[in-house]
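Engineer: This structure is in structure tokens; I'll ask about it shortly.
Dropping the structure here:
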């Protein structure tokens, strides 16, 4: 299963927190979404060298839950060949396209 966000094909979305064990602990850019009445909205975008570990221990979980009117989900664009600057570039590109209620720009 996949979801296209801008020009990127993300794996998922996976239910949060029930299906996060489906995530790989690899490098990537992640998107936190909510599904309300069948429509996805993006709440947060980030990047990590260990996506699963980051999502499991994220400091913005309370913001995600507060901002969500539906169910939470995670989608990941794995960046196996990108170093931190490359992941950060994708994260910032995506952040520039959305008005995110959680996280800094």
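Numbering (this note's numbering), first residue to last: 411 to 515. Cβ coordinates follow ideal geometry from the N, Cα and C atoms, glycine included.
(1) Around the C-beta of residue 489, are 16 or more other C-beta atoms found within 10 angstroms, so that it is buried, or is it exposed?
(2) Alpha carbon to alpha carbon, how far is residue 483 from residue 424? Give it in angstroms, no decimals.
(3) What is the rounded straight-line gap between the Cα of residue 473 and the Cα of residue 444?
(4) Classify residue 456: buried if its beta carbon has 16 or more other beta carbons within 10 angstroms, exposed otherwise.
(5) CA-CA distance, residue 438 and residue 494?
(6) With DSSP as the reference, identify every bridge partner of residue 445, one or two as the case may be.
Structural biologist: Reading off the structure:
(1) buried
(2) 5 Å
(3) 12 Å
(4) buried
(5) 9 Å
(6) 450, 481
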